[in-house]
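Since the structure comes first, as structure tokens, the remarks are kept for the end.
Numbering (the working numbering), first residue to last: 107 to 194.
This is the structure we're talking about:
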């Protein structure tokens, strides 16, 4: 009854469209924390050097033909920022 209606009203007031354009499509983040992020159309995460591993986003780069682990992050954007910071 009333509790359900109050809960629904509270949920309706929450910002659910952050990062979405008016057409409801995802708008990629191309720059963050002063870094231009390395976009990739061939990567499922949308970012070069970022992969989804067990529900977390892992950042890696290649140095002298070897993969170098940068770290694991909660979001693809955080991982992409770490990658951008690492490659300069």
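For every residue, glycine included, the Cβ atom is placed at its ideal position computed from N, Cα and C.
Nearest to residue i by CA position, among the options, is which residue?
{"i": "residue 188", "options": "166, 162 and 170", "result": "166"}
{"i": "residue 149", "options": "186, 193 and 171", "result": "186"}
{"i": "residue 172", "options": "155, 138 and 180", "result": "155"}
Can you name the start and end residues of the beta strand (DSSP E) that residue i belongs to?
{"i": "residue 165", "result": "162-169"}
{"i": "residue 147", "result": "Unbroken run through residue 147: none, as it is neither H nor E."}
{"i": "residue 143", "result": "Unbroken run through residue 143: none, as it is neither H nor E."}
{"i": "residue 156", "result": "156-159"}
Considering residue i, what are the terminal residues of the alpha helix (DSSP H) in which it resides?
{"i": "residue 189", "result": "182-193"}
Are the CB atoms of residue i and residue j nearer to each other than 7 Å?
{"i": "residue 164", "j": "residue 178", "result": "yes"}
{"i": "residue 153", "j": "residue 146", "result": "yes"}
{"i": "residue 157", "j": "residue 176", "result": "no"}
What does DSSP give as the partner residues of residue i in its beta bridges?
{"i": "residue 178", "result": "164"}
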